[in-house]
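**Q** Throughout the sequence shown, residue numbering follows numbering that gives the first Met the number 0, covering 0 to 150 in sequence. Take a look at the following structure, please.
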Amino acid sequence: MTPEEKLAELGLTLPEVVAPLAAYVPAVRTGDHVYTSGQVPMVEGKLPQTGKVGAEVSVEEGRDLARICALNALAAVKSQIGDLSKVKRIVKVVVFVASAPDFTAQPQVGNGASELLRDVFGDLGVHARSAVGVAVLPLDAPVEVELIAEV
Numbered sequence: 000m001t002p003e004e005k006l007a008e009l010g011l012t013l014p015e016v017v018a019p020l021a022a023y024v025p026a027v028r029t030g031d032h033v034y035t036s037g038q039v040p041m042v043e044g045k046l047p048q049t050g051k052v053g054a055e056v057s058v059e060e061g062r063d064l065a066r067i068c069a070l071n072a073l074a075a076v077k078s079q080i081g082d083l084s085k086v087k088r089i090v091k092v093v094v095f096v097a098s099a100p101d102f103t104a105q106p107q108v109g110n111g112a113s114e115l116l117r118d119v120f121g122d123l124g125v126h127a128r129s130a131v132g133v134a135v136l137p138l139d140a141p142v143e144v145e146l147i148a149e150v
């Protein structure tokens, strides 16, 4: 089953590539790797939720938003390679979580992105990961995800 077929089986479709918020591009291919810029959870040009995880945003909501970020990252990857079947492996994922001062469950939020990538690519989607808490993200997004894919 192709990654796109797997997405359809999960009831998901890849969105349009999110337009950059500043002076950068959504993804860059160099050699056999694609590096995405940080992807916020934009849906049809808007953030469905803003604020800090552990305050205005629950862990469960943060996980769902991280999943949206991962979908946006996959759209950016596809824009560079044309077909997600060309992905040999998801190598690394970095999850930034806008966190309330006492919030420490960043890894659980990041699981929203990691589990989606595993579900779409199987063992090839299992990756190294960092999940870090930050004070604030662009547009007051609760989560931002970037990834590196081998193609």
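Ideal Cβ placement from N, Cα and C applies to all residues, glycine included. Note that the coordinates shown come from a computational prediction; the quantities given were computed from them, not determined experimentally.
Can you grab the Cα-Cα spacing for the pair Leu136 / Val96, in whole Å?
**A** Distance between the alpha carbons of Leu136 and Val96: 8 Å.
**Q** On the DSSP letters alone, give me the boundaries of the beta strand (DSSP E) that Ala97 sits inside.
**A** Start and end: 88-97.
**Q** Can you give the Cα-Cα distance for Glu3 and Ala72, rounded to whole angstroms?
**A** Cα to Cα, the separation comes out at about 14 Å.
**Q** Would you identify the three-state DSSP class for Glu43, choosing helix, strand or coil?
**A** In the structure shown, Glu43 sits in coil (DSSP, three-state: anything other than H, G, I, E or B).
**Q** Residues in its own chain within less than 8 Å of Val133 by CB, not counting five upstream and five downstream?
**A** Counting only Cβ-Cβ distances below 8 Å, and skipping sequence neighbours, we find Phe95, Val96, Ala97, Ser98.
**Q** Closer than 8 Å by C-beta to Arg117: which residues in its own chain qualify, once you throw out the five before and the five after it? Chain order, please.
**A** Closer than 8 Å at the Cβ level, and outside the excluded window around Arg117, lie Gly124, Val125.
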